[in-house]
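Only one structure is covered here, and it is reproduced in the block below.
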Amino acid sequence: MKLLQCPLPCHLEDENQSNSHGLRSGYSSSSSSSSLTSQRSLQSLPSLSLSQQLDQKTNTIHYQCISTLKGHTSYVFSLVLNGKYLYSGSSNDEIRVWPRELTNHHQNLAENNSNIVATTNGAVKSLVALGDKLFSAHQDHKIRVWKIDSNNESHNKRYQCIATLPTMNDRFLRLLSAKNYIEVRRNKSCTWVHHVDTVSALALSSDGSLLYSASWDRTFKVWRTSDFKCLESVANAHDDAINALVVSKDGYVYTGSADKTIKVWKKHQGERKHSLVETLQKHKSAVNALALSNDGSVLYSGACDRSIVVWERESGDSGNMVVVGALRGHSKAILCLAVVSDLLFSGSADKTIRIWKRSGVDKNYTCLAVLEGHMKPVKCLTAVADPNSSSCSGTSYLVYSGSLDCDIKVWKIWVPFH
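So the sequence shown is residues 1270 to 1687, counted in this note's numbering.
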């Protein structure tokens, strides 16, 4: 296991280089790709990360890259854990499955493409899992639902696609009524259940009964997971493409957009549709990633301005979020975020992953480590506490990172108690 001392946060000069990360920085219904430019670090908010030299005990953690999963031949855009398996989606339309207990045999399966469980018609932008169902969001404007075959340990068979959203029934029921049509561009219309651009993000309600989808078409939609019916579409939710979406346990929906804003939505008791609670405006460039603390009281947002803005919910039932500061250290755009316990993991176009720890007393953050190893931008992250490695002196975590270098890395992190 490797011991790493985390360098202090850095602020580099503004960069003019554009990198394609599969995120939308400006809306155009005719375009299916985007380039993001890492912009100058946000300076208008106080820094929450400790800047003084920390002592050796506080400033170090143990970590190791325990595996590099090779098999994808294009960008890794999405990751999700489900039971014993990790699922990954790529820009060349593949979904692959990886056993979390990896062996040389499993790696051979990947090299022989035997772990491909589905090939689709569009880049796989987001994945979520619910029981024996896997939901995938695609660049071809569709959401697909896959039946996970738990009895197929060899994974030589492709998973069955049991639905494509919107379903045929959903479309048929709204086909004949003019009120169900919306104009998507000049001289072109379709029913409101359709996304008309890349579906960029998916999220599930806490009880798993609802699936939320966000799109570059500036809408987000709500689907019932029992029969895949589209229940609601929030049109013109933003002025530009939506790149990220998260849902709290108490039903607040947060959407992050290329229009530089984050919006908070809620369907209040007795109401049929979500309404706007507030608009959060601090970022100076496209918002690429969102993550919530386990209790929903803290929201993290990452953008092209290299900063992670930290928002905290006000006391009471209003759901309003107040900005408290920013985490700085990445030298390029923030592309993905993940939260486990009191740790925040951030992936960036600077090819690194940073680990931040939140102090419960003073609400400051410490950058515990910088994970280096990817050769291109880190596009997606997922993390989980390692149930087999906790001890009285610390806790272990497993972090999975997907990159534009086509690799997935598995990191084992050990964080001591203080």
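No residue lacks a Cβ here, since even glycine has one placed at the ideal position from N, Cα and C. As the structure is a computational prediction, the values presented were derived from the model and not from experiment.
Per-residue burial, residue i [other beta carbons within 10 Å of its own, 16 or more giving buried]
| i | result |
| --- | --- |
| Phe1686 | exposed |
| Leu1444 | exposed |
| Thr1388 | exposed |
| Pro1315 | exposed |
| His1463 | buried |
| Pro1276 | Low confidence applies to Pro1276: its pLDDT is 37, below 50, so where it sits in the model is not reliable, and the reading given next is rough at best. Its Cβ having fewer than 16 others within 10 Å, Pro1276 is exposed. |
| Thr1548 | exposed |
| Arg1493 | exposed |
| Asp1574 | buried |
| Gly1616 | buried |
| Gly1352 | exposed |
| Val1441 | Here residue 1441 is Phe; the residue named in the question, Val, does not match the sequence. Exposed, by the Cβ-count rule. |
| Gln1550 | exposed |
| Gln1408 | buried |
| Asp1486 | buried |
| Ser1544 | exposed |
Residues of its chain near residue i, where Cβ-Cβ distance is below 7 Å and the 5 sequence neighbours each way are ignored
| i | result |
| --- | --- |
| Ile1682 | Ile1330, Tyr1332, Ile1624, Ser1665, Tyr1666, Val1668 |
| Ala1654 | Val1609, Ser1610, Thr1664, Tyr1666 |
| Arg1369 | Lys1353, Tyr1354, Leu1355 |
| Ser1566 | Glu1581, Arg1582 |
| Leu1480 | Phe1404, Leu1471, Leu1473, Trp1492, Thr1494 |
| Ala1607 | Ala1560, Phe1614, Leu1650, Thr1651, Ala1652 |
Given residue i as reference, the closest of the options once Cα atoms are compared
| i | options | result |
| --- | --- | --- |
| Val1556 | Ser1469, Ser1517, His1543, Arg1493 | Ser1469 |
| Val1491 | Ser1484, Trp1485, Leu1500 | Leu1500 |
| Met1437 | Ala1510, Thr1460, Tyr1428 | Thr1460 |
| Asp1466 | Ala1504, Leu1473, Val1592 | Ala1504 |
| Gly1391 | Thr1433, Arg1369, Lys1416 | Thr1433 |
| Val1647 | Ala1638, Leu1637, Ser1662, Gly1671 | Gly1671 |
| His1410 | Val1591, Pro1435, Ile1417 | Pro1435 |
| Ile1431 | Asp1401, Gln1408, Ile1577 | Asp1401 |
| Gly1291 | Ala1398, Arg1369, Ser1658, Ser1484 | Ser1484 |
| His1643 | Ala1652, Gly1598, Leu1673 | Leu1673 |
| Asp1439 | Lys1498, His1407, Arg1487 | Lys1498 |
| Gly1598 | Asp1676, Ile1577, Leu1473, Ser1359 | Ile1577 |
| Ser1554 | Lys1518, Thr1530, Val1522 | Thr1530 |
| Leu1561 | Gln1538, Lys1551, Ser1544, Tyr1521 | Tyr1521 |
| Leu1473 | Arg1487, Thr1488, Asp1519, Asp1486 | Asp1519 |
| His1552 | Gly1594, Ser1360, Leu1637 | Gly1594 |
| Cys1636 | Ser1584, Arg1487, Val1684, Leu1348 | Val1684 |
| Val1592 | Asp1564, Phe1346, Lys1632 | Lys1632 |
Cα-Cα separation, residue i to residue j
| i | j | result |
| --- | --- | --- |
| Gln1476 | Ser1495 | Residue identity differs from the one stated: residue 1476 is Asp in this sequence, not Gln. Whole-angstrom Cα-Cα distance: 12 Å. |
| Asp1362 | Tyr1344 | 10 Å |
| Ser1502 | Glu1540 | 14 Å |
| Gln1325 | Leu1568 | Any reading at Gln1325 must be qualified, since the residue scores a pLDDT of 43, below 50, and its modelled position is unreliable; no value is offered. |
| His1507 | Ser1662 | 46 Å |
| Ser1478 | Ala1618 | 34 Å |
| Val1639 | Lys1678 | 14 Å |
| Lys1394 | Ala1513 | 11 Å |
| Glu1581 | Arg1293 | 26 Å |
| Asp1418 | Leu1403 | 11 Å |
| Lys1416 | Ser1405 | 12 Å |
| Cys1649 | Pro1656 | 22 Å |
| Val1397 | Arg1413 | 11 Å |
| Lys1645 | Leu1559 | 21 Å |
| Leu1350 | Val1516 | 18 Å |
| Tyr1428 | Gly1358 | 14 Å |
| Ala1527 | Ala1510 | 5 Å |
| Ser1570 | Leu1371 | 32 Å |
| Ala1652 | Ser1360 | 22 Å |
| Ser1482 | Cys1675 | 25 Å |
| Thr1524 | Leu1399 | 21 Å |
| Ser1584 | Ile1364 | 42 Å |
| Met1590 | His1537 | 17 Å |
Other residues of its chain near residue i: CB distance less than 6 Å, five sequence neighbours each side excluded
| i | result |
| --- | --- |
| Glu1641 | Thr1621 |
| Val1366 | Tyr1354, Tyr1356, Asn1384, Val1386, His1424 |
| Val1546 | Val1533, Lys1535, Gly1588 |
| Ser1688 | The displayed coordinates of the chain run from 1270 to 1687. Any statement about residue 1688 would go beyond what the structure contains. |
| Lys1542 | Glu1501 |
| Leu1348 | Ser1357, Cys1649, Thr1651, Tyr1669, Gly1671 |
Beta-carbon contacts of residue i that lie in its chain and below 8 Å, excluding the five residues immediately before and after
| i | result |
| --- | --- |
| Tyr1634 | Leu1317, Ser1318, Leu1319, Val1579, Leu1596, Leu1613, Trp1625, Lys1626, Arg1627, Ser1628 |
| Gln1321 | Low local confidence applies: a pLDDT of 38 at Gln1321 is under 50, so the model's placement there is unreliable, and no value is given. |
| Ile1335 | Val1679, Trp1680, Lys1681 |
| Asn1382 | Gly1340 |
| Asp1710 | It is not possible to answer for residue 1710, since the shown part of the chain is limited to 1270 through 1687. |
| Thr1488 | His1464, Ser1502, Val1503, Ala1504, Asn1505, Ala1506, Ile1511 |
Proximity test, Cβ basis, 8 Å: residue i and chain D
| i | result |
| --- | --- |
| Gly1571 | The structure shown contains no chain D; it holds only a single protein chain. |
Residue i CB to nearest heavy atom of the ligand HEM below 7 Å
| i | result |
| --- | --- |
| His1407 | The ligand HEM is not among the ligands present in this structure, which contains no ligands whatsoever. |
| task | Say whether the segment 1332-1345 touches the segment 1592-1609, bearing in mind that this needs 3 or more beta-carbon pairs closer than 8 Å, one atom from each stretch. | result | Cβ pair count under 8 Å is below three, so no.
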